[in-house]
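Chains as they are written, first to last, in our numbering: chain A, 37 to 597; chain B, 41 to 262. Glycine residues also receive a C-beta, built at the ideal position from the N, C-alpha and C atoms. Owing to the predicted nature of the structure, the values given are computational and were not obtained by experimental measurement. Working notes, beginning with the structure itself.
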Amino acid sequence: MQVDVGASDLAAVIGGRKKTVESEFVRFDQLSALIIDDIGAMRTALRSQLQWMGMEAIRGTSDAREAIRALEEKQYDLILCDYNLNAANSGQHFLEYLRAEKLLSYKTVFVMVTAEAEYAYVANAVEYSPDDYVLKPTQEKKLRLRLERLFERRNFLMSALRAMDEHRYEFAAEECDRLIGLISDERWIMQALRIRAEAQHALADTDGLMQTYERARALRPDTPWVGIGIARAWMLLKDYEGAARLAREIIAVSPTYVAAYELLAEIGFRKKDEDGAFRMIAAASKILPSTKRFRAAAESAYLLGKLDEAKEYSEAAIRLSSGSMTERPGDFLTLAQIQTDMGDHEGAIATLEKQARRYPETGAFGVGKNAVLSQAFLQAGNKAMAEKLLEKSRKLISVNSGSAVLNLMGRAAFKLGDEIAGLKLMTQAVQFSTEDERIRTRRHVVKTMNDAGLRSRIGDVIDAGERRIPALLEEAQKAMRVAQFNVANQKILEALDIHDENIEALLAAAQLHLLWLKQGGMDRVIDARAKAYLAKLDKLVPQNEKVMSFYRFYDTLTGGK
Amino acid sequence: MKQALSALVVHDLKNALALLEADLERLNHYADIPPEGRMAYRRCIELKGRLVGFLTLYKQEHGGLKAHPAEVALADFLEDLIASSQSVEMAGKHGREVVVRFAAERVRIAPETARGGSASLDERLLDLALESALNNAVRYAASRVELWFEQEAGKVTFYVLDDGPGLSHPEDLMHGELHDGAHTGLGIALCRAVAEAHGGGEVSLADAPARGAMFRLAVPAT
Chain A
37 MQVDVGASDL AAVIGGRKKT VESEFVRFDQ LSALIIDDIG AMRTALRSQL
87 QWMGMEAIRG TSDAREAIRA LEEKQYDLIL CDYNLNAANS GQHFLEYLRA
137 EKLLSYKTVF VMVTAEAEYA YVANAVEYSP DDYVLKPTQE KKLRLRLERL
187 FERRNFLMSA LRAMDEHRYE FAAEECDRLI GLISDERWIM QALRIRAEAQ
237 HALADTDGLM QTYERARALR PDTPWVGIGI ARAWMLLKDY EGAARLAREI
287 IAVSPTYVAA YELLAEIGFR KKDEDGAFRM IAAASKILPS TKRFRAAAES
337 AYLLGKLDEA KEYSEAAIRL SSGSMTERPG DFLTLAQIQT DMGDHEGAIA
387 TLEKQARRYP ETGAFGVGKN AVLSQAFLQA GNKAMAEKLL EKSRKLISVN
437 SGSAVLNLMG RAAFKLGDEI AGLKLMTQAV QFSTEDERIR TRRHVVKTMN
487 DAGLRSRIGD VIDAGERRIP ALLEEAQKAM RVAQFNVANQ KILEALDIHD
537 ENIEALLAAA QLHLLWLKQG GMDRVIDARA KAYLAKLDKL VPQNEKVMSF
587 YRFYDTLTGG K
Chain B
41 MKQALSALVV HDLKNALALL EADLERLNHY ADIPPEGRMA YRRCIELKGR
91 LVGFLTLYKQ EHGGLKAHPA EVALADFLED LIASSQSVEM AGKHGREVVV
141 RFAAERVRIA PETARGGSAS LDERLLDLAL ESALNNAVRY AASRVELWFE
191 QEAGKVTFYV LDDGPGLSHP EDLMHGELHD GAHTGLGIAL CRAVAEAHGG
241 GEVSLADAPA RGAMFRLAVP AT
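What follows is the structure, given as structure tokens:
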């Protein structure tokens with residue numbers, strides 16, 4: 037028997053879309069794979085199929101947690117993930133988690149293995165789709181053909197993918213340009229454009245982004261990721277109206293595309309339209325339920341005072357995440373706070389003392405737990421206990437506690453009638469919030485202060501909180517100008533205590549240490565600190581002009597060593 | 041409740057069958073496997089095909105068969121279909137040498153097509169339909185089976201052409217007749233169900249102009 041697929045002359049026929057690049061032979065023996073499936077026999081079957089293709093470095097795991105541990109140790113060329121991981125979490129949730137936590141290398145080919153045709157529905161609804169999906173049972177031949185195509189494409193894009201992994205975004209974007217010039221297969225071009233867009237997004241290069249998206253839109257007019265990308269670029273340009281319009285257009289064409297709903301919710305928060313935002317989050321969590329979405333819906337419902345709905349969503353988040361990689365003790369704080377607000381102090385105490393008893397009373401959870409318990413005991417009429425608990429909470433505070441629990445403490449302080457302590461805690465909550473959390477913290481602060489009847493003081497608290505870091509840095513600059521390096525360092529460290537990834541504070545820290553080196557001569561400790569600050573900056577804001585000039589300055593100081 | 045239970049049972053059966061298939065597939069890698077082993081593997085794949093076919097028809101009858109379209113590169117799709125087709129693999133078992141090929145030279149793409157060569161289709165359903173057409177063609181071909189597609193704006197048509205006796209053959213399975221072999225004549229019904237799931241379309245089987253039979257499946261696709 038003979039099979040003649042006529043592959044070589046094929047491309048030429050398909051609308052002249054001939055690839056001009058010689059396709060590489062895929063060396064399966066050099067690839068590593070991670071198989072995630074809860075059924076041992078399935079893992080064995082997939083492993084054996086991969087082995088017959090020549091793969092040797094294959095690891096099998098039975099659940100997402102184990103897979104995450106495996107990924108923390110090393111990256112794999114291929115991930116074959118079962119869609120039905122367990123009752124609560126699907127392969128899609130796992131993939132979303134990996135992308136959100138940046139645990140997945142750009143070089144990794146992620147293939148979803150599914151027994152359900154319905155997966156295609158899911159795939160069309162999400163932004164983070166896998167590179168491909170295969171239906172099980174899959175014949176080895178079919179799987180092999182799929183993987184060959186996927187790796188052929190990956191190998192072609194390798195230089196750009198590697199640059200993305202290394203945060204060399206400018207180079208990645210350039211590489212994409214170069215590679216696009218070499219091919220005419222539209223699907224490969226789309227893939228390259230998508231990477232280029234991600235690189236440009238990281239560089240906040242809005243002009244370049246628009247160019248990339250327009251080009252992609254010309255090739256594939258109704259591709260949701262292109263639409264959502266343009267909307268995000270408009271967000272960067274602070275054109276919220278335009279972004280919202282576009283997101284609504286995407287929903288009109290692809291009514292299940294959750295990222296569009298989530299973008300509308302984000303716009304809602306920015307425009308202080310909590311109600312509109314809540315409706316969008318609720319819609320998203322209906323289309324594609326996930327812990328993350330339930331959590332966001334619970335929070336939004338709570339802030340709106342819709343306590344029954346908030347409770348439902350909060351319980352759903354706990355149920356769905358229980359025993360999985362998305363489990364967070366903070367969910368119990370949310371639920372207990374909602375119960376307290378509902379007047380159910382017994383329920384709140386049970387949530388924290390019974391349901392959440394497996395979590396140690398340390399860190400942020402310890403702070404939050406005592407703050408919520410304090411409110412619950414006060415409601416139960418035990419003021420002495422309430423005060424004791426708030427004091428306990430205060431003792432557990434550290435720089436890493438975070439805004440959310442400071443807000444909970446503020447609530448407790450206000451309820452206990454300590455307005456001064458409450459205001460201080462609210463200001464700190466604003467100070468401690470990282471760049472990403474700022475809007476969220478603000479939403480909570482507004483709610484807490486409204487509940488405490490302090491609406492008129494909201495503006496003051498937010499201003500004071502947000503101005504603290506710039507004020508400290510200004511003092512540091514003044515000290516630097518008169519060569520009081522130790523004083524300047526104190527101020528900067530104080531600013532970094534508030535937010536250890538504040539770029540301005542890190543830039544000031546790097547500048548200070550370079551000056552220190554220049555004026556005080558090479559000192560091992562100062563040198564090490566300077567390098568650490570520069571490295572951190574390089575990671576947070578790659579290719580930043582100022583950081584680059586600092587590096588050059590450092591090289592002249594050290595003679596380029 | 042009853043439906044939920046049967047869905048559970050079917051899911052379980054599919055999984056069990058998948059494992060059996062994997063075991064047999066592994067066995068088939070060995071050069072010294074006895075012919076019975078190869079036969080068992082083929083039968084397992086046929087059984088799976090039948091189960092999936094029945095399930096698809098069952099779903100359609102209960103109004104639940106919906107296409108889940110995603111972008112499909114048509115030429116790649118047909119190439120893969122041929123390369124991994126069980127029917128093609130068994131093409132030689134009737135004592136004839138049958139060549140199955142993707143007839144790239146017959147492909148037509150209308151210039152007004154938005155994305156020539158790719159279309160938004162449910163790959164899994166099309167795979168089912170075309171595999172069943174291919175099975176039929178291979179069974180009756182004298183020496184040759186050809187597959188290709190034509191694309192117009194909003195429509196893709198797939199063709200399967202064989203050089204067999206044509207529709208005069210009394211046992212042509214696509215007519216829905218029972219056969220003593222592994223298949224039970226769900227071919228045409230399955231193809232119609234697949235076309236319908238894509239929102240309409242046409243399925244036909246006719247004598248080819250010169251000789252043999254030509255199967256045609258047209259589906260709306262952007």
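Drop a sphere of 10 angstroms on the beta-carbon of residue i, count the other beta-carbons inside from all chains shown, and report buried for 16 or more, exposed for fewer.
i, result
"P173 of chain A", "buried"
"L45 of chain B", "exposed"
"L166 of chain B", "buried"
"H69 of chain B", "exposed"
"L53 of chain B", "exposed"
"M516 of chain A", "buried"
"K274 of chain A", "exposed"
"V435 of chain A", "exposed"
"E76 of chain B", "exposed"
"M558 of chain A", "exposed"
"S437 of chain A", "buried"
"L218 of chain A", "exposed"
"I456 of chain A", "exposed"
"D116 of chain B", "buried"
"K431 of chain A", "exposed"
Can you name, in chain order, every residue of its own chain whose Cβ lies under 6 Å from the Cβ of residue i, other than the five neighbours on each side?
i, result
"L86 of chain A", "A69 and I94"
"R146 of chain B", "W188"
"E58 of chain A", "Below a pLDDT of 50, predicted positions are generally treated as unreliable, and E58 of chain A, at 47, falls in that range; no measurement from the model is reported."
"R148 of chain B", "E190"
"H215 of chain B", "Low local confidence applies: a pLDDT of 46 at H215 of chain B is under 50, so the model's placement there is unreliable, and no value is given."
"A196 of chain A", "A208, E211, C212 and I231"
"Q373 of chain A", "V408"
Looking only at C-alpha atoms, which of the options sits nearest to residue i?
i, options, result
"S172 of chain B", "B:R148, B:E76 and B:G89", "B:G89"
"D73 of chain A", "A:D118, A:F207 and A:R256", "A:D118"
"R329 of chain A", "A:I539, A:L570, A:Y297 and A:L543", "A:Y297"
"S326 of chain A", "A:A541, A:W552 and A:G127", "A:G127"
"L570 of chain A", "A:L114, A:R560 and A:R588", "A:R588"
"A193 of chain B", "B:D52, B:H102, B:Y98 and B:V259", "B:V259"
"A113 of chain B", "B:L168, B:A233, B:S160 and B:E65", "B:S160"
"T592 of chain A", "A:D574, A:L550 and A:N580", "A:L550"
"A318 of chain A", "A:K308, A:K342, A:R306 and A:I433", "A:K342"
"E530 of chain A", "A:Q464, A:Y590, A:E92 and A:S290", "A:Q464"
"E473 of chain A", "A:S360, A:N538 and A:K431", "A:N538"
"A77 of chain A", "B:D63, B:S127, B:Y98 and B:D72", "B:D63"
"A199 of chain A", "A:A280, A:K582, A:Y590 and A:P578", "A:P578"
"E285 of chain A", "A:A267, A:T370, A:Q375 and A:L179", "A:A267"
"L67 of chain A", "A:A81, A:S84, A:R79 and A:G90", "A:G90"
"D113 of chain A", "A:A384, A:R394 and A:V145", "A:V145"
Check the DSSP bridge columns for residue i and list the partner residues they point to.
i, result
"R95 of chain A", "A:L70"
"W188 of chain B", "B:Y199"
"P260 of chain B", "B:K195"
"M254 of chain B", "B:L201 and B:A246"
"A313 of chain A", "DSSP lists no partner for A313 of chain A."
"V147 of chain A", "A:L116 and A:D168"
"A337 of chain A", "Its beta-bridge partners do not exist; DSSP assigns none."
"I149 of chain B", "B:Q191"
"L161 of chain B", "B:A110"
Can you find the residues in the same chain that come closer than 8 Å, C-beta to C-beta, to residue i, ignoring five residues on each side of it along the sequence?
i, result
"I528 of chain A", "L508, L509, A512, A541, A544, A545 and L548"
"T262 of chain B", "A154, A159, S160 and G194"
Apart from the five residues on each side of it in sequence, which residues of its chain come closer than 7 Å, Cβ to Cβ, to residue i?
i, result
"R478 of chain A", "I498"
"R504 of chain A", "Q467 and I534"
"E502 of chain A", "V466"
"L459 of chain A", "R493 and V497"
Measuring only from the beta carbon, is residue i closer than 7 Å to any heavy atom that is part of the ligand COA?
i, result
"Y569 of chain A", "This structure simply doesn't include the ligand COA, nor any ligand for that matter."
- Task: Please specify which runs of the beta strand (DSSP E), each continuous and at least 3 residues long, are wholly inside the region 76–133 of chain B, giving them in chain order.
- Result: 110–113
- Query: Where in the region 152–204 of chain A do unbroken runs of the beta strand (DSSP E), each at least 3 residues long, occur, reported from the N-terminal end onward?
  - Reply: 168–171
- Query: Which parts of the region 351–414 of chain A are runs of the alpha helix (DSSP H), unbroken and 4 residues or longer, counting only runs that do not cross its ends?
  - Reply: You should have 366–377 and 381–386.
- Query: Which whole runs of the alpha helix (DSSP H) in the region 469–503 of chain A are 4 residues long or more, in chain order?
  - Reply: If we require 4 residues or more, the alpha helix (DSSP H) runs fully inside the region 469–503 of chain A come out as 474–487.
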